Ligand code: VG1
Ligand code: CO
């Protein structure tokens, strides 16, 4: 088969964001748009000739087409083998696992995660390195630089390959191996968790609902919860992955997983409710009558992880993204282990995990994971919760209440202003940055600013520096607000405000979160008058 060298012109907007390149489908459908980016990835890598690439996606609209493009471009560029999930399906954590298990050179994951899918919605391409994790900034910057000057791509002149039948086939000199997307992943979960204990819990009448949101975790959840753990059929809902996720946002938060939330707050609630996102790396945890914020979940999982066989030796350290609440810090302190604060995005955890400095990591955006892979992992978090519930035989509510009694409670919320005018959002951030030096010492009601800065991260392993990772306003007593612009949106800009208050007094652990944070929210809007800049008077999403 012939390798074609196709002349192309660069696009100027292929800068990977927090998690890969994300654009609307019609943008990806422009002539050579996807091809340019894929070739730019390969042009930024060295010494992959004859090696293995892992490939899969979350099944969203345009997934199959781009799978074929990647296969042909990978073959033309000299990869020896591509392991592709059957039907083009791999959850993000499952892809990370395959890369590690089979010592692949790297992987390509096609997903726009929690963003909606469909002909006019979102698509994404992400490159993962040999440790199974998202490419670090050094590589994403090289890819972007290459994409701005690319003038040709290589592609095999071949027909489409069947990706629905398990087994090996040839594409030119390259082997394409179509693999079961679930098997290796499910086996890893069996090794990390006490499946017998969870099975016994479920036999004892404990009920659960897992909402796969018509996204990639459906087949994984069916296999693990219902087939292997014996949860009754029907425990997993919305389990058929659909290219448009049934017309919904596959985002497991209180806005988009409202049905689950309402059920969990009703008198028909099962004991435990959970959901995952488009590509299976996020998790939502709701006990009967109680939503567990992702920041709290990270802290509670870390405090109880020893109950699961995979973590019985204890944790080396905990890492959290800067906007994530400090709840995990108190657990790390008590355990006498390291705590690391990184910028937003899983790529910053890779070095800490590789260096065995951190075992469990988490983000306030519903991402939790550990050193078992190099991505956040939705089902892993659900299984660790189930393992803990099986070990403690207490309700989620009891576990949370006791946790707060021991460690204090970090009231926490994030307010998003989605799809606002990008120029207005940038101006707001620039103006805010300009006034940082003047803020310390100023008061907003009872709140006095002690520190205000633009977060910069110094990676303790490779000593790289990442600047402008979010503006932090810290108040006396440990409360804070953080401002950031999203790096995953595809239209306009999204302003995120993260609000946190620490409450040590157990008598004050039953407050409504928004009320507990009301004065901080007010101060945030005084400091950065979002309404004046954007015309918006309320957030589009509150988590
Ligand atoms: C968001 C979250 C971040 C997460 C990223 C990718 O990024 O805040 O914590 O790592 O999405 O998650 P941003 O830049 O929009 O705030 V996923 O599930 O989209 O891979
Ligand atoms: Co995701």
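In our numbering, the protein residues as written are 990 to 1532. Here a beta-carbon is modelled for each residue, glycine too, at the ideal position from N, C-alpha and C. Owing to the predicted nature of the structure, the values given are computational and were not obtained by experimental measurement.
Report buried or exposed for residue 1524, applying the criterion of at least 16 other Cβ atoms within 10 angstroms of its Cβ. exposed
Go ahead and pull the three-state DSSP assignment for residue 1179. helix
Check each candidate in 1234, 1078, 1229, 1188 and name the one with the smallest Cα separation from residue 1217. 1188
Contact set for residue 1457: own chain, Cβ-Cβ below 6 Å, skip 5 residues either direction: 1443
DSSP on residue 1132, reduced to helix/strand/coil? helix
6 Å CB neighbourhood of residue 1107 in its chain, flanking five on each side removed: 1050, 1233
Considering only the alpha carbon of each residue, which of 1056, 1033, 1284 lies closest to residue 1044? 1056
For the pair the region 1275 to 1282 and the region 1101 to 1115, tell me if three or more CB-CB distances fall below 8 Å. no
Continuous beta strand (DSSP E) stretch holding residue 1163: start and end: 1163 to 1168
Cross-strand partners of residue 1399 (DSSP beta bridge): 1491
Pick helix, strand or coil for residue 1088, following the three-state DSSP scheme. helix
Counting Cβ pairs closer than 8 Å, one from the region 1223 to 1239 and one from the region 1386 to 1396, do we hit at least three? no
How would you label residue 1282, buried or exposed, when you count the other beta carbons within 10 angstroms and need 16 or more for buried? buried
Given a threshold of 16 other Cβ atoms within 10 Å of its Cβ, counted over all protein chains shown, does residue 1061 qualify as buried or as exposed? buried
Could you pull the start and end residues of the beta strand (DSSP E) that residue 1443 belongs to? 1436 to 1443
Using the C-alpha atoms, what's the distance from residue 1213 back to residue 1367? 13 Å
Please state whether the Cβ-Cβ distance between residue 1357 and residue 1305 is less than 8 Å. no
Measuring CA to CA, which of 1144, 1197, 1295 is closest to residue 1262? 1197
Cα-Cα separation between residue 991 and residue 1032, rounded to whole angstroms: 20 Å
So within the region 1004 to 1040, which uninterrupted alpha helix (DSSP H) runs reach at least 4 residues, ignoring any that extend past its ends? 1014 to 1017, 1022 to 1032
Is any heavy atom in the ligand VG1 found nearer than 7 Å to the beta carbon of residue 1268? yes
CA nearest to the CA of residue 1073, picked from 1331, 1160, 1245: 1160
So is the beta-carbon of residue 1081 under 7 Å away from any non-hydrogen atom of the ligand CO? yes
Sorted by chain position, which residues of the same chain lie with C-beta nearer than 8 Å to residue 1327's C-beta, five sequence neighbours on each side aside? 1305, 1306, 1307, 1321, 1346, 1347
Roughly how many angstroms lie between the CA atoms of residue 1083 and residue 1371, to the nearest whole one? 15 Å
Is residue 1363 near the ligand PLP, in the sense that its beta carbon is under 7 Å from a heavy atom of that ligand? Annotation note on the ligand PLP: not contained in the displayed structure, which lists the ligand VG1 and the ligand CO as its ligands.
Measuring CB atoms only, is the region 1395 to 1415 touching the region 1122 to 1133, in the sense that at least three cross pairs come out at less than 8 Å? no
Measuring alpha carbon to alpha carbon, tell me which residue in 1127, 993, 1181, 1126 is nearest residue 1362. 1181
If you run the structure through DSSP and keep just helix, strand and coil, what is residue 1200? strand
What does the alpha-carbon distance come out to for the pair residue 1364 and residue 1335? 6 Å
Considering Cα atoms alone, identify which of 1149, 1016, 1243 is closest to residue 945. Past the boundaries of the shown model lies residue 945; the chain is included only from 990 to 1532, so the question cannot be answered.
Residue 1265 versus 1494, 1080, 1167, 1066, residue with shortest Cα-Cα distance: 1080
To which residues does DSSP link residue 1274 through a beta bridge? 1263, 1281
Note down, in chain order, each residue of its chain lying with its Cβ closer than 6 Å to the Cβ of residue 1533, except the 5 sequence neighbours on either side. For residue 1533 there is no data in the structure shown, the boundaries of the chain being 990 and 1532.
Beta-carbon contacts of residue 1498 that lie in its chain and below 8 Å, excluding the five residues immediately before and after: 1390, 1393, 1394, 1398, 1492
CA nearest to the CA of residue 1422, picked from 1141, 1462, 1411, 1251: 1462
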